[in-house]
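*Asks:* In my numbering, the protein residues as written are 270 to 471. Have a look at the structure that comes next, please.
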């Protein structure tokens, strides 16, 4: 089966799993896709199991303006084949928190360049990129990928600024990242306690 055939088969399979009320709810919450089938993440993972990880198919899926295709593109992209440039391009085109979180969970946290990418993204003015950076850095902290002194200062500054916004999702993600660093290392625990007592002592 070539890429075009696999893409067509995948898109046809969504009809078997479609959930009208879920799709309507997603649209009402502002998910901005041309088409939403309302397929659950659990079902999408089952669909993904039917195909071998394939970078070409993943790229083709990502180009589709369909929620389920975007998610499957991440699930089917081999970790070793996601180049840093492609990660940047995808991040710039991701428009939902759901997809950003799946991107971090299934791909980015496993990439060897993640610790370089995350600090660039933390300087972004784009809300979703910023949210993704804090989600990613929190996961890196739990993997004992700890910041340098300069990176820690950048993290503190970016976190302080993010906590001043009205973005509840961003605030929650930042708080989780702060707690991850607080719990990862005694030296950083004291730094986090000093700068973010309202979070670590909550």
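Every residue, glycine too, gets a C-beta built ideally from N, C-alpha and C.
Please report the distance separating the alpha-carbon of residue 381 from that of residue 352.
*Replies:* Going by the C-alpha atoms only, they are around 10 Å apart.
*Asks:* Please go through the same chain and pick out, in chain order, the residues whose beta-carbon is closer than 6 Å to the beta-carbon of residue 410, but skip the five residues on each side of it.
*Replies:* 449, 450, 453
*Asks:* Relative to the C-alpha of residue 366, which candidate in 358, 413, 401 has its C-alpha closest?
*Replies:* 401
*Asks:* Go ahead and pull the three-state DSSP assignment for residue 351.
*Replies:* coil
*Asks:* To test your reading of the DSSP string, which unbroken alpha helix (DSSP H) runs of 4 or more residues are found completely within the stretch 307 to 385?
*Replies:* The qualifying runs are 310 to 317, 324 to 331, 336 to 345, 353 to 362, 366 to 375.
*Asks:* Any idea what DSSP makes of residue 304, helix, strand or coil?
*Replies:* Here residue 304 carries a strand assignment [DSSP, helix/strand/coil].
*Asks:* Label residue 442 either buried or exposed according to how many other C-beta atoms from any shown protein chain fall within 10 Å of its C-beta, with 16 as the threshold for buried.
*Replies:* buried
*Asks:* Tell me, please, whether the stretch 365 to 379 touches the stretch 333 to 348 by the rule of three or more beta-carbon pairs shorter than 8 Å.
*Replies:* yes
*Asks:* Pick helix, strand or coil for residue 412, following the three-state DSSP scheme.
*Replies:* coil
*Asks:* Of the choices 459, 314, 455, 428, whose alpha-carbon is the least far from that of residue 444?
*Replies:* 428
*Asks:* I'd like to know whether the C-beta atoms of residue 276 and residue 333 end up nearer to each other than 9 Å.
*Replies:* yes
*Asks:* Taking only three categories from DSSP, how would you classify residue 389?
*Replies:* helix
*Asks:* Hey, residue 305 and residue 279 are a contact pair by Cβ (cut 8 Å); roughly how many whole angstroms apart?
*Replies:* That pair is no contact at about 15 Å.
*Asks:* Got a sec? Which residues, its chain only, sit under 6 Å from residue 322 by beta carbon, not counting five neighbours each side?
*Replies:* 345, 347
*Asks:* Pull up the CB-CB distance for residue 378 and residue 336, whole angstroms please, since I reckon it's below 8 Å.
*Replies:* Between residue 336 and residue 378 the Cβ distance is about 22 Å, and since that is not below 8 Å, they are no contact.
*Asks:* If you drop the 5 nearest sequence neighbours on each side, which residues of the same chain put their C-beta closer than 8 Å to that of residue 399?
*Replies:* 390, 391, 393, 427, 431, 439
*Asks:* Rounded C-beta distance between residue 482 and residue 272? I'm assuming under 8 Å.
*Replies:* The displayed coordinates of the chain run from 270 to 471. Any statement about residue 482 would go beyond what the structure contains.
*Asks:* With C-beta atoms as the reference, is residue 387 less than 9 Å away from residue 374?
*Replies:* no
*Asks:* Quick check on the DSSP output: the alpha helix (DSSP H) that includes residue 272 runs from which residue to which?
*Replies:* 272 to 286
*Asks:* Does the distance from the CB of residue 397 to the CB of residue 363 come in under 9 Å?
*Replies:* yes
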